[in-house]
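Undergrad: For reference, the structure I am asking about is given below.
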Amino acid sequence: MSRLMLEECVSFFRKNRGYARLFEEMRKKYRRHGKLAGKIVLEEMSVEECLALGGLLGKSLQPGDLRLSVSDFQKALDETKYRGIEAAELLCAYFGGSIRTNLQKREEEQAEKERFWEGLLKIVGKECGPRSEAFRWLTCAREQRTYGWQLIMKEREGAAGGSGAELESALEGIGERVRSVCLAVEELPLHEKEGAIRLAVLAAKITKNPHYFDRQQAAGRLLLSALAFLCEAEEPKTQEGVLALYYQAGIRPDDISSFTVCYGIHFYTEAGEHDAYRSFIEHGEKYVLTLSNLSRVLRADSKDRRVFVLENQMVFSQLCDRLQGKEYALLCTSGQMKVASLILIDLLISSGCRLYYCGDTDPEGIEIAERIAARAPGQVTIWRMSEEDYYRSISNETLTTARLKKLDKIEHEGLKALCDALRREKRAGYQEHLMEALFKDIVGGSE
48 MSRLMLEECV
58 SFFRKNRGYA
68 RLFEEMRKKY
78 RRHGKLAGKI
88 VLEEMSVEEC
98 LALGGLLGKS
108 LQPGDLRLSV
118 SDFQKALDET
128 KYRGIEAAEL
138 LCAYFGGSIR
148 TNLQKREEEQ
158 AEKERFWEGL
168 LKIVGKECGP
178 RSEAFRWLTC
188 AREQRTYGWQ
198 LIMKEREGAA
208 GGSGAELESA
218 LEGIGERVRS
228 VCLAVEELPL
238 HEKEGAIRLA
248 VLAAKITKNP
258 HYFDRQQAAG
268 RLLLSALAFL
278 CEAEEPKTQE
288 GVLALYYQAG
298 IRPDDISSFT
308 VCYGIHFYTE
318 AGEHDAYRSF
328 IEHGEKYVLT
338 LSNLSRVLRA
348 DSKDRRVFVL
358 ENQMVFSQLC
368 DRLQGKEYAL
378 LCTSGQMKVA
388 SLILIDLLIS
398 SGCRLYYCGD
408 TDPEGIEIAE
418 RIAARAPGQV
428 TIWRMSEEDY
438 YRSISNETLT
448 TARLKKLDKI
458 EHEGLKALCD
468 ALRREKRAGY
478 QEHLMEALFK
488 DIVGGSE
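Residues in the sequence shown are numbered consecutively from 48, following my numbering.
Right, here's the structure in full:
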C-alpha cells in the first residue's frame with residue numbers, strides 16, 4: 048500500500064467527525080495494551096456517528112451504545128478501496144505519528160527521573176564529596192523514597208508542567224535548592240553543642256539570603272528532612288519538633304523565645320556548678336532558663352532527686368512563694384511544651400531524677416502529660432491527674448466535641464479513667480483548685 052493511499056485514507060476519516068470518537072477510543076486501547084485488539088465501546092452514539100459508522104460497517108445503526116471489535120473495523124476497512132491498510136498503521140497516521148503506549152510512557156518517565164536524580168547526586172558529589180553526610184542523605188532519599196524525596200519529586204512534577212527554557216529554569220532551581228541544603232548540612236556541627244550556628248546566619252552564609260532556610264520556604268522544609276535523616280529522628284510535624292531537631296543538629300533558630308522557668312534546680316557546666324543559678328537557689332528565687340543558657344549545661348539535678356513539673360504559671364509562682372527558703376525543685380512549662388523545657392526534662396532524667404508532672408485536666412493538658420511520661424516510663428509520674436483530682440478541680444468551662452476528640456488518641460493506662468470522666472462531664476479542670484494538695488505533696492515527699 049502506497050504512502051499516498053494511506054494519506055488519502057487518513058484524510059477520509061479525519062474529514063468526517065462521526066469517526067473521531069472511534070479513533071480516540073482505539074488510541075486509548077492501543078496505549079493501554081500496546082496493541083490494537085479486542086472490543087471498543089462507544090456509549091450514547093450521536094446521529095452523526097451512527098451514519099458514519101453504519102456506512103462503514105454496511106448496516107443501519109440507531110443512537111445508543113455500540114460494541115465494536117477491532118477485527119470488525121479491519122474487515123470493514125478491507126471492503127473499501129483502502130484494502131491492505133492495517134488498522135494500527137491507520138491509527139498512528141491518523142494521530143500524526145507513532146503512539147506511545149502507557150508502558151513506554153512509564154519507562155520513559157522512570158528513565159527521566161533516574162537522569163534527574165543522577166544529576167542531583169553529581170552536583171552534590173562535586174560540591175561536598177561522595178563520602179559526605181550530604182551525599183549519604185541524598186542517596187538514602189533517592190533509594191528509600193523518604194527524608195525529602197516527596198518534596199523534591201513534588202517540585203519536579205510541578206516543573207514538568209513547563210516546557211523549553213521554563214522547564215530548564217525550574218529544574219535548575221530544584222538543583223540549586225538541593226545543593227544549598229547539602230552545603231548547609233556540611234557546615235553543621237551535628238550532634239555537638241559547641242559551634243552551634245543560628246539558622247539565619249547559616250542561610251546568609253550559604254545563599255546570601257538569611258531567610259532562605261525559613262520553614263515556610265521549600266529549602267527550609269528540605270533542610271528539615273535532611274536533618275531528620277542525619278539525626279536519626281522522625282521528620283517533625285510540630286513547631287516543638289522542629290526546634291528540637293534544630294537543637295540536636297547544632298542550629299539555633301531562636302534561643303531566646305524558647306525558655307523554661309525553674310526553682311531549686313542545679314545546673315552544671317564543664318567548670319562545675321553554675322554560680323548564677325546556685326545564687327538564685329540560695330536566695331530562694333525562681334529563674335528563667337533559655338535555650339542559649341542551656342547550650343553550655345551538661346547536667347541538671349536537684350537536692351533530693353525529685354522535680355515537680357507544673358503546666359500552670361500562676362500555680363508554679365504561688366508554690367514557689369510558699370516554698371521560699373526550702374530547697375525543693377520545681378519546673379514550669381507554661382502550657383505547650385517549649386524545646387527548652389523538653390531539653391531540661393531530658394537532662395534531669397539523665398541525672399536519675401524522678402519527675403512528677405501535673406497539668407490542667409483538659410484534653411491539651413492530658414496530651415502533654417502523656418508525651419512527658421513517654422520520655423522516661425517508670426521515671427516520670429503523672430501527678431494529681433486522677434479521676435478523683437479531676438472532680439476536685441472541675442470548672443464550668445465546657446469542652447467542645449472537637450477538643451474532646453483528642454482524648455481518643457490517649458493510650459497511657461494511668462490517664463484513661465480521667466479521659467472517661469472528661470467525656471462524661473464535658474468540662475475542664477484546673478490546677479488552681481488543687482493548690483493545697485500540691486503543696487503538701489511537695490513538702491511531705493509523698494508520691
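The beta carbon of each residue, even a glycine, is placed where N, CA and C say it ideally should be. All values derive from a computational prediction rather than experimental measurement.
1) Using CA coordinates, which residue listed in C278, Q295, G297 and R262 is at the minimum distance from K284?
2) Looking at D112 and E90, is the spacing between their C-beta atoms short of 8 Å?
3) Among E472, R471, A423 and F486, which has the Cα closest to the Cα of H459?
4) For a test of the three-state rule: what should DSSP assign to G319, helix, strand or coil?
5) Is DSSP giving R64 helix, strand or coil here?
6) Give the single residue among I413, V356, D409 and A376 whose Cα lies nearest to the Cα of S388.
7) Among K122, L462 and R268, which residue has its Cα nearest to the Cα of A499?
8) Could you have a look at R130 and say whether DSSP puts it in helix, strand or coil?
9) By DSSP, does R352 sit in helix, in strand, or in coil?
10) Using CA atoms only, rank isn't needed, just tell me which of G222, W184 and Q191 is closest to E202.
11) So the candidates are Q295, C379 and Y315; which of them puts its Cα closest to the Cα of K333?
12) Relative to the alpha-carbon of Q295, which residue among V94, E279, E358 and R346 has its alpha-carbon at the smallest distance?
13) Thinking C-beta only, is K255 closer than 8 Å to S305?
14) Where does H258 sit, in a helix, a strand or coil, going by DSSP?
15) Taking only the alpha-carbon atoms, compute the straight-line gap between R474 and G425 and give it to the nearest angstrom.
16) Is Y141 helix, strand or coil when you go by DSSP?
17) Let's see if you can read the secondary structure: which residues bound the beta strand (DSSP E) around E444?
18) Assign R431 to one of three DSSP states: helix, strand, or coil.
19) Can you give me the C-alpha to C-alpha distance between V225 and V344, rounded to a whole angstrom?
20) Under the DSSP definition of a beta bridge, which residues are partnered with R299?
21) What's the call for T448, buried or exposed, on a 16-neighbour Cβ count within 10 Å?
22) Consult DSSP for R268 and reduce its assignment to one of helix, strand or coil.
23) Could you check the C-alpha separation between L338 and E204 for me, to the nearest Å?
24) Expressed to the nearest angstrom, what Euclidean distance is found between the alpha-carbon atoms of I132 and F276?
25) Kindly indicate the opening and closing residues of the beta strand (DSSP E) around D476.
26) Using the rule of at least 16 other Cβ atoms within 10 Å of the residue's Cβ for burial, across every protein chain shown, is Y437 buried or exposed?
27) Where does V57 land, buried or exposed, given buried means 16+ other C-beta within 10 angstroms?
28) Under the rule that 16 or more other beta-carbon atoms within 10 Å means buried, what is Q157, buried or exposed?
29) Can the beta-carbon of I419 be found closer than 8 Å to that of L454?
30) Just how far apart, CA to CA, sit I199 and A273?
31) L103: which of L138, F314 and K128 sits nearest, CA to CA?
32) How is the beta strand (DSSP E) around L402 delimited, first residue to last?
33) Would you call the segment 317-328 and the segment 388-398 in contact, with 3 or more CB pairs under 8 Å?
34) Do the CB positions of L51 and A140 come within less than 8 Å of each other?
35) Count the other CB atoms, across all protein chains shown, that sit within 10 Å of the CB of H238; report buried if there are 16 or more and exposed otherwise.
36) In the DSSP assignment, find the unbroken beta strand (DSSP E) run with I87 in it and report its ends.
TA: Quick answer:
1) R262
2) yes
3) A423
4) strand
5) helix
6) If we check each option's Cα against that of S388, V356 comes out closest.
7) Nothing can be reported for residue 499, as the shown portion of the chain is limited to 48 through 494.
8) Note: R130 maps to coil in three-state DSSP.
9) It is coil, neither helix nor strand.
10) Out of G222, W184 and Q191, G222 has the C-alpha closest to the C-alpha of E202.
11) C379
12) E279
13) No, the Cβ-Cβ distance between S305 and K255 is not below 8 Å.
14) coil
15) 30 Å
16) DSSP, read as helix, strand or coil, puts Y141 in helix.
17) I441 to T445
18) Residue state, collapsed to three classes: coil.
19) 34 Å
20) R245
21) exposed
22) Looking at R268 - three-state DSSP - the assignment turns out to be helix.
23) Looking at the two C-alpha atoms, the distance is approximately 39 Å.
24) 59 Å
25) The residue asked about is misnamed: residue 476 is Gly in this sequence, not Asp. G476: member of the beta strand (DSSP E) spanning R474 to G476, first to last residue.
26) Buried.
27) Buried: at least 16 other Cβ atoms inside 10 Å.
28) Its Cβ having fewer than 16 others within 10 Å, Q157 is exposed.
29) no
30) 12 Å
31) Scanning L138, F314 and K128 for the CA closest to the CA of L103 turns up K128.
32) R401 to C405
33) no
34) no
35) Low local confidence applies: a pLDDT of 48 at H238 is under 50, so the model's placement there is unreliable, and no value is given.
36) K86 to L89
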